[in-house]
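J.: Structure incoming, see below.
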Amino acid sequence: MEYTIIAITLLVALFVLLGGGVWVALSLLGVGIIGMELFGGAPAGSILASTSWTASASWTLTALPLFIWMGEILYRTKLSEDMFRGLAPWVRGLPGRLLHVNVLGCGIFAAVSGSSAATTATIGRISLPELKSRGYPQGIAMGSLAGAGTLGLLIPPSIMMIVYAVGAQVSVSRLFIAGILPGLLLLVIFSGYLMIWSKLNRDQLPPEEPALPLREKLRRARLLIPVVALIVAVIGSIYTGVATATEAAALGVVGALCIALYSRSLTVETFMSSLLGAVCTSCMIFFILLGAAYLTAAMSFTGLPSALADWIIAKQMSPYVLLAALLVFFIILGSCLDGISIILLATAVILPAVQAAGIDLLWFGIFIILTVEMAQITPPVGFNLFVIQNLTGRDMWTVAKASFPFFLLLVLTAILITLFPQIVLALPEAMRGA
């Protein structure tokens, strides 16, 4: 009963603070202080001082601002325009035609940005006007972009993966590699859905455009070479062990600057705006990490995570039952919290229970990132919905309705990796063996 009171008290405190408009970082910090003062039995100020240093003095975290800066640089280049021109000729023969540019474009940009919102905005600012002008239904165009934009969290390098790796104390390099196959699987599922939808709704698609000759297709495909080379350099260096995630991030920044210079997009203004954008985003994330680290420390003093783990062991709960319950819980939580907060709350409270159930923490990282992807297209705080709302001028619920089939496809992917965990673990195991 005591732990039930602790859990209810802290949950009520969290939602009161968040509902009152308090910053997420301060809300997490406030809940930690409440837990420490009421139930922890330790000096809250001393724990805050030591936790603040421990949370920020992490070599792994240095990759975070670098990957964010890489995405900020590429966001300000002509990359989205080049990708549309390079991909469009190759997808015209597929059912759904240019709708696949949303999926493939987001998949490619996700591999160099690490951000879902940036991926959605970068691809959407070119693809949505193009698809509209060519007569494609706006609903499926918005839905495919919202769904595919979530690939920015799953396909490495991913900001969310770095946050989880720090909180769960797992290798960020192995977590990056673990996201490759699930990301590709999700990309294939999205494209497969577009093919089925187009077969069932042929009357809504515009007339087919004449196919381009192979030489012209190859000429346009050259526009994809810079971004593909950057992807190979960043992910390849991590997989082969040539570079750590932080070193690969530095390599990615240099590559992004070279692409911007090559495309004549690099000016003093774009350089400074990308740098300032990366600093602002990084500071926001680090502030949240500090609050979450203190909450984690407070939780350990209250004994709530270990009590939850002991309860699961005593009940002999199946891992599948636990994961199903967590999936529903995270979906509900995603309707009122951002992705970083969900991940940090999970690492603070739920990880001991997950370990007690015998679930691999590397695999669980991909599972929770999939649930965060669902939150990205769940109203009322789905970031991708806001991005598309700003791009199209449509209301939030219209965008959410268009995105709902892709939400269900994300749930399907979470079920698939649960039934077949090697989808996640195969590449990290091969990486370790190599």
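If you're matching positions, the sequence shown starts at 485 in the working numbering and goes up one per residue.
Backbone N, C-alpha and C define an ideal beta-carbon position, used for all residues, glycine too.
Everything numeric in this text was worked out from a predicted model, so none of it was measured.
Which residue's Cα is closest to the Cα of Val508: Leu637, Cys742, Phe770 and Ala652?
T.: The residue given as residue 508 occupies position 24 in the sequence shown. For the residues Leu637, Cys742, Phe770 and Ala652, the minimum Cα distance to Val508 belongs to Phe770.
J.: Residues in its own chain within less than 7 Å of Leu774 by CB, not counting five upstream and five downstream?
T.: Residue 774 sits at position 290 when you count from the first residue of the sequence shown. Ala509, Ser536, Ala539 and Ser540.
J.: DSSP three-state call for Val908: helix, strand or coil?
T.: Looking up residue 908 in the sequence shown gives position 424. Three-state result, Val908: helix.
J.: Which same chain residues end up closer than 6 Å to Ala744 when comparing Cβ atoms and leaving out the 5 residues on each side of it in sequence?
T.: In the sequence shown, the residue the question calls residue 744 occupies position 260. Excluding positions up to five away in sequence, the list reads Ile557, Thr561 and Leu750.
J.: Select from Val587, Asp566 and Glu565 the residue whose C-alpha is nearest the C-alpha of Val575.
T.: As a first step, residue 575 is located in the sequence shown; it is residue number 91 there, counting from the start. When each option's Cα is compared against that of Val575, the closest is Val587.
J.: To test your reading of the DSSP string, which unbroken alpha helix (DSSP H) runs of 4 or more residues are found completely within the stretch 684-722?
T.: Complete alpha helix (DSSP H) runs here, min 4: 698-705.
J.: Once you ignore the five residues that flank Trp553 on each side, which residues in its own chain have a CB closer than 7 Å to its CB?
T.: Numbered from its first residue, the sequence shown carries residue 553 at position 69. So the qualifying residues of the chain are Val737, Ser758, Leu759 and Ala762.
J.: Mind checking Leu596: buried by the 16 CB within 10 Å criterion, or exposed?
T.: Within the sequence shown, numbered from 1, the residue matching residue 596 stands at position 112. As written in the sequence, residue 596 is Val, which differs from the Leu given in the question. So Val596 counts as buried.
J.: Taking only the alpha-carbon atoms, compute the straight-line gap between Ala898 and Phe890 and give it to the nearest angstrom.
T.: On the sequence shown, position 414 is the one that residue 898 refers to. On the sequence shown, position 406 is the one that residue 890 refers to. Roughly 12 Å separates the two Cα atoms.
J.: Could you check if Val672 is buried or exposed, using at least 16 other CB atoms within 10 Å of its CB as the buried criterion?
T.: As a working mapping, residue 672 is identified with position 188 in the sequence shown. So Val672 counts as exposed.
J.: Which residues in the same chain have their Cβ closer than 8 Å to the Cβ of Trp847, if we skip the five residues on either side of it in sequence?
T.: Counting from one through the sequence shown, the residue named residue 847 turns up at place 363. For Trp847, where only same-chain residues beyond five positions count, the Cβ hits under 8 Å are Ala662, Ile901, Pro905, Val908 and Leu909.
J.: Rank Leu494, Val496 and Arg569 by C-alpha distance to the C-alpha of Leu696 and give the top, closest one.
T.: Indexing the sequence shown from 1 puts residue 696 at position 212. Residue Arg569 is the option with its Cα nearest to Leu696.
J.: Any idea what DSSP makes of Thr432, helix, strand or coil?
T.: Residue numbering for the chain in the displayed model covers 485 to 918; residue 432 lies beyond these limits and cannot be assessed.
J.: Please say whether Ala859 and Ile824 have beta carbons closer to each other than 8 Å?
T.: The residue labelled residue 824 in the question sits at position 340 within the sequence shown. The residue labelled residue 859 in the question sits at position 375 within the sequence shown. No, these two residues do not count as a Cβ contact at 8 Å.
J.: Taking only three categories from DSSP, how would you classify Ser758?
T.: Counting from one through the sequence shown, the residue named residue 758 turns up at place 274. In this structure, Ser758 counts as helix in the three-state DSSP scheme.
J.: Within the same chain, show all residues whose beta-carbon is closer than 6 Å to that of Val883, passing over the 5 residues directly before and after it, in chain order.
T.: Here the question's residue 883 lines up with position 399 in the sequence shown. Closer than 6 Å at Cβ, skipping near neighbours: Met626, Leu869, Ile872 and Gln873.
J.: Which parts of the stretch 585-651 are runs of the beta strand (DSSP E), unbroken and 3 residues or longer, counting only runs that do not cross its ends?
T.: Complete beta strand (DSSP E) runs here, min 3: none at all.
J.: Once you ignore the five residues that flank Val647 on each side, which residues in its own chain have a CB closer than 6 Å to its CB?
T.: On the sequence shown, residue 647 is found 163 positions in, with the first residue counted as 1. Correct list, in chain order: Ile824 and Ile827.
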